[in-house]
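In what follows, a structure is listed as structure tokens, so that the remarks can point back to it.
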Amino acid sequence: MTELYETGYIEHLRQIVANTLPRWNLPPASDVSLLTVSENATFLISDDQSQPLCVIRVHRQHYHTLAEIESELSWIQALRKEQVITTPRPIPLTSGALIASFDDGEETRHMVAFEFALGTEPSTDQSLVSDFRQLGAITARLHEHARHWTPPSSFTRKIWNFDTTIGEAPHWGHWQHCSGLIPTDKEVLMDTVALIKEQLSHYGEEPERFGLIHADLRLANLLVSDKQLAVIDFDDCGIGWYVYDFAAAISFVEEDPQIPDLLQAWVSGYREVTELNEDDEALIPTFIMLRRLMLTAWLQTHSETPTAQELSAGFIDGTLRMARHLLLTGSPLDLQPGHSRIRCQH
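Quick note on the working numbering: the sequence shown kicks off at 54 and runs consecutively.
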């Protein structure tokens with residue numbers, strides 16, 4: 054649905070959010086402005102002094118069910134209650150419910166409000182080593198909580214396994230459908246996918262390595278305030294491989310020269326909290342490649358979003374560089390500090 058978020062539709066959603074404000078006991082005259090469009094459309098609600106009041110997320114059609122959204126919020130609430138990490142509070146409606154629903158044509162759509170969180174997105178324009186050490190520790194705390202938490206009996210989230218990432222039933226679409234792929238390119242990626250499948254089949258999905266994860270800890274979902282990291286947007290949380298969370302953290306910046314140092318910092322931070330054995334660490338390059346293929350498909354199936362429009366140019370070329378490097382060396386990147394740039398035959 055490449056025209057989902059065209060300008061007229063964004064204004065349609067903005068007006069629906071504005072009309073719904075009283076259900077959150079928010080001033081009807083509050084300013085409603087588009088904050089981001091990615092999987093969902095997110096709006097910033099501000100008062101008449103331009104002070105942020107909250108953020109309202111309008112869920113994309115045909116992605117999450119009501120039960121899945123309820124499950125996301127139940128994990129967020131548990132994490133907040135147990136002070137595992139810093140993440141914004143879901144704001145209840147005047148009815149006490151956390152999810153507002155509305156009819157959009159023949160479909161029922163859902164909205165969730167979150168408190169506004171201060172902070173700025175980390176940038177690769179500066180060193181992110183200390184942030185990634187902190188992120189490693191945060192990720193480990195998330196994983197430890199997931200391993201020991203007893204979710205509600207109704208808990209349901211998407212599963213991120215081989216089939217649903219780059220296999221037969223991918224949640225974000227098929228990489229094979231990406232425009233511009235010539236037969237030799239497809240062959241390289243098919244060989245890459247076959248290698249990933251073999252490695253993941255051997256790695257397995259045992260509970261100690263496969264469970265509830267955030268699944269989208271990329272820079273856009275992190276906020277830095279007073280040198281402390283907060284995590285936002287659990288919209289993709291689901292059941293997947295724990296170390297996949299590092300691959301998600303470097304989404305869209307995989308070829309940045311900092312990546313080897315960031316990996317080292319992340320692993321170090323993780324091990325300050327809990328164990329990360331060598332087998333798990335060794336599979337991180339595989340997950341980096343898997344995530345890159347997922348993003349390649351996502352940019353195609355979400356081509357109307359600003360993220361896709363900003364990043365699509367040349368992205369498939371980078372995916373192919375990484376794939377060739379993986380087939381040549383066993384890793385999509387040179388991940389030893391000081392040897393971060395890809396050096397392979399194009």
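Where a beta carbon is used, it is the ideal one built from N, C-alpha and C, also for glycine. No experiment lies behind these values; they were computed from the predicted model shown.
- Excluding five sequence positions before and after R142, the CB atoms of its chain that fall closer than 6 angstroms to its own CB belong to E168, given in chain order.
- With a cutoff of 7 angstroms on beta-carbon distance, N93 and V108 are scored as not near each other.
- Contact annotation: the stretch 161 to 177 touches the stretch 267 to 283, with at least three C-beta pairs closer than 8 angstroms.
- Considering only E135, E197, V85, Y116, the residue with the shortest C-alpha distance to Q102 is V85.
- The beta carbon of V296 sits closer than 8 angstroms to the beta carbons of R262, L329, D333, E334, L336, I337, F340 from its chain, once the five residues preceding and following it are set aside; these are given in chain order.
- By the CB criterion at 7 angstroms, V326 and R194 fall inside the cutoff.
- S304 counts as buried, since no fewer than 16 other beta carbons sit within 10 angstroms of its beta carbon.
- The continuous stretches of alpha helix (DSSP H) do not include S86, which lies in the beta strand (DSSP E) extending over residues 84 to 90.
- For M164, the beta-bridge partners assigned by DSSP are V111, A153.
- Secondary structure note for T95: its beta strand (DSSP E) is the uninterrupted segment 94 to 99.
- Taking 7 angstroms as the cut-off, the beta carbon of W213 is found no closer than this to the beta carbon of L146.
- The three-state secondary structure of W228, taken from DSSP, is helix.
- Proximity to S154 across V70, T95, L346, L282 peaks at V70, based on C-alpha coordinates.
- Residue environment analysis places L119 among the exposed positions, since fewer than 16 neighbouring C-beta atoms fall within 10 angstroms of its C-beta.
- In this structure, DSSP gives S127 a helical state, which the three-state scheme calls helix.
- Contact check for P81 against L87 fails: the beta carbons are separated by 7 angstroms or more.
- Around the beta carbon of P260, a 10 Å sphere encloses fewer than 16 other beta carbons of the protein chains shown; the residue is thus reported as exposed.
- In this structure I152 does not touch T140 by the C-beta definition: roughly 17 angstroms separates them, more than the 8 angstroms allowed.
- Counting C-beta atoms within 10 angstroms of its own C-beta, R344 has 16 or more neighbours from the protein chains shown and is therefore classed as buried.
- DSSP, reduced to helix, strand and coil, places I292 within a strand of the structure shown.
- Put simply, of W228, V306, E240 the residue whose alpha carbon is nearest the alpha carbon of D178 is V306.
- D289 sits buried, since 16 or more C-beta atoms from the chains shown fall within 10 Å of its C-beta.
- Around the beta carbon of T237, fewer than 16 other beta carbons sit within 10 angstroms, so the residue counts as exposed.
- For Y116, the closest alpha carbon among the candidates H163, D370, I266, S148 is that of H163.
- Inclusion of G233 and A268 in the CB contact set at 7 angstroms is not warranted, their separation being larger than that value.
- Where I266 is concerned, the enclosing beta strand (DSSP E) starts and stops at 263 to 266.
- Taking 7 angstroms as the cut-off, the beta carbon of P390 is found closer than this to the beta carbon of D314.
- Less than 7 angstroms separates the beta-carbon of Q187 from that of L282.
- T173 sits in a strand when the DSSP states are folded into three classes.
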